[in-house]
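Undergrad: Pasting in a structure now, in structure tokens, and then I'll have a few things to ask.
Residue numbers (this note's numbering): 368 to 960.
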């Protein structure tokens, strides 16, 4: 009996159980991705026009991105309380919308509907914050893969929930809104006491590499499977039995990772000497603690001021030797009164910042602006995929939406994987991988602008991969440069770059250019029509969608601008790389030696 209790406690406190549970939470945390399927039901049931639906879409985007409250509460409330708050918001917001759409509750003004959509979608920010904060603290040495996998599952949640809804096969389209309200709520209630920090840095094992390999294999198989299922269901009319089989296989793939904590729990033996060495000084500390100093130590910033520039070009071992010599000289000079050591107020890069301290740092704004340009331009593509494919003559626009969601998922997983190789194997700044992602996006925008044959497929691939990679790289970078203590608030501030970029690039630039080109084409089509006929047409034509643009010219200028913005983002990322080389050498250089 005592042994069974110990096994249960060990299993419950296993960081891999926390990680797998966080993956399941993220699998239903991207309910905003289902808005495209929900909005037609709301539009038809409440007799909304397209402008009113667009306002609901803005409320959804704001709810998905404004996470100040979740980030602030993560510092004072336990993780289960945050998850419960998010679940209640999701249930109340979308549950009330379902009651209104089905006629079970009275119809409310548009602004109240926007508020309900905002409240419901804002629950996502609590799920994201808890999952990321808990798992990054539990896996301080694997931040890139952990963030990439978790954000990847959030991106796939729309496809997963859609497949589950197909299993229900309800004739009532409003039942999708009911599922969005109830499904995540039930999952969160079941898992809210599992996802939390459990001192994961003390659970390092030599088997961690193989465990991550299994997770990556599941991710790749899941992405390929969902892509295949989407294509089959879109092209073939399947009976309900086949849909049930497809959904059952999906559940199996999602549940498979639970085998990792089970295996670790029931095969747990005393650590080998090799595993104990993983916890030896200084690796039993989180990487950012490598920069801590005692009151008598020469602070890192003073050495930075005094060292010659060529020191940074030396190999890691020689560079650290030269820096140690410089520290010794400065310490001796300070003791003799020859120099006075300047001490900065507040933390240094690699230590714990709060939001106000981070906001006055150039590195933080380089991350924010680079993310705004990169992810904002990517979101512009996602928001305009339908019109883009129609303007190029494609009838089936859903295939591109499905494709970009899969590439987005793979970009997040791959971004975390490759950025971790860069920092672990080469002790090189992680933002260099963000520069690569933004360069890929610049090429993708160029394909969209030119409208070459197959450009939609290639552009969707490149933009999806690049956009997704941002959301694996940026949170990990922020945790390395500004610490884990206030990570929730820092992360939720950075996510504001997404709606800000979308508002400017999609809401202003893309829409204005598209309407201008559509007006030009309308004038050319009607140039032979008499003025009187044109006047009558304008007076009696009530079609809101009269302005339609055809050809690659519709988005040529937009995506040339987007490509240029991505190039600027590359430059900003490379500036950040140059500024943080020494920081990453101190964070990861010692772990390589």
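Each residue gets a CB set at the ideal place from its N, CA and C atoms; glycine is no exception.
(1) At 4 residues or longer, what runs of the alpha helix (DSSP H) sit wholly inside the region 586-631?
(2) Can you say whether residue 423 is buried or exposed, counting buried as having 16 or more other CB atoms within 10 angstroms of its CB?
(3) Assuming residue 524 contacts residue 389 (C-beta within less than 8 Å), just tell me the rounded distance between them.
(4) Would DSSP call residue 541 helix, strand or coil?
(5) Please report the residue range of the alpha helix (DSSP H) in which residue 891 lies.
(6) Express the C-alpha separation of residue 770 and residue 840 in angstroms, rounding to a whole number.
(7) Measuring only the C-alpha atoms, how far is residue 927 from residue 811?
(8) Using a threshold of 8 Å, state whether the C-beta atoms of residue 463 and residue 483 are closer than that.
(9) Can you list, in chain order, the residues of its chain with a C-beta nearer than 7 Å to that of residue 735? Leave out the 5 residues immediately preceding and following it.
(10) Could you give the distance in angstroms between the alpha-carbon of residue 402 and the alpha-carbon of residue 747?
(11) Is residue 553 buried or exposed, if buried means 16 or more other CB atoms sit within 10 Å of its CB?
(12) According to DSSP, is residue 481 part of a helix, a strand, or is it coil?
(13) Residue 497 and residue 449 - do their beta-carbons sit closer together than 8 Å?
(14) Quick check on residue 458: buried or exposed, where buried means 16 or more other Cβ atoms within 10 Å of its Cβ?
(15) Does the Cβ-Cβ distance between residue 438 and residue 460 come in under 8 Å?
(16) Cα separation between residue 766 and residue 598?
(17) Which residue wins for smallest C-alpha separation from residue 803, given the options 817, 781, 822, 824?
(18) Find the nearest neighbour of residue 854 within the set 442, 587, 815, 393, judged by alpha-carbon distance.
(19) Nearest to residue 829 by CA position, among 773, 611, 886, is which residue?
(20) What does the alpha-carbon distance come out to for the pair residue 628 and residue 382?
(21) Between residue 936 and the rest of its own chain, which residues show a CB-CB distance below 7 Å, the 5 nearest in sequence each way excluded?
(22) Buried or exposed for residue 478, going by 16 or more other Cβ atoms inside 10 Å?
(23) Express the C-alpha separation of residue 733 and residue 379 in angstroms, rounding to a whole number.
(24) By a C-beta neighbour count over all protein chains shown, 10 Å radius and 16 as the cutoff for buried, is residue 616 buried or exposed?
(25) Quick check on the burial criterion: 16 or more other C-beta atoms within 10 angstroms. Buried or exposed for residue 591?
(26) For residue 553, which of helix, strand or coil comes out of DSSP?
(27) Determine whether the beta carbon atoms of residue 474 and residue 543 lie at a separation below 8 Å.
(28) Excluding sequence positions up to five away, which residues of its chain have a Cβ less than 6 Å from the Cβ of residue 640?
(29) From this set, 744, 768, 743, which residue's C-alpha is nearest residue 754's C-alpha?
(30) Any contact between the region 577-594 and the region 418-433? By contact I mean 3 or more CB pairs, one from each, below 8 Å.
(31) Along the alpha helix (DSSP H) that carries residue 441, what are the first and last residues, could you check?
(32) Just tell me which of 556, 505, 532 has its CA closest to the CA of residue 385.
(33) Within the region 500-534, note down every full beta strand (DSSP E) run reaching 3 residues or more, in order along the chain.
(34) Which residue marks the beginning of the alpha helix (DSSP H) containing residue 459, and which one marks its end?
(35) Hey, would you say residue 931 sits closer than 8 Å to residue 720, going by beta carbons?
(36) When you compare only the Cα positions, how much space is there between residue 744 and residue 607?
TA: Let me spell this out:
(1) 607-622
(2) buried
(3) Actually they do not touch by this definition, with Cβ atoms about 13 Å apart.
(4) coil
(5) 878-892
(6) 22 Å
(7) 10 Å
(8) yes
(9) 861, 864
(10) 16 Å
(11) exposed
(12) helix
(13) yes
(14) buried
(15) no
(16) 8 Å
(17) 781
(18) 442
(19) 773
(20) 8 Å
(21) 737, 740, 741, 805
(22) exposed
(23) 40 Å
(24) exposed
(25) exposed
(26) helix
(27) no
(28) The predicted position of residue 640 is uncertain, since its pLDDT is 48 and thus under 50; a value taken from the coordinates is nonetheless stated next. Answer for residue 640: no residue qualifies.
(29) 768
(30) no
(31) Run containing residue 441: none; DSSP gives neither H nor E here.
(32) 505
(33) none
(34) 446-468
(35) no
(36) 39 Å
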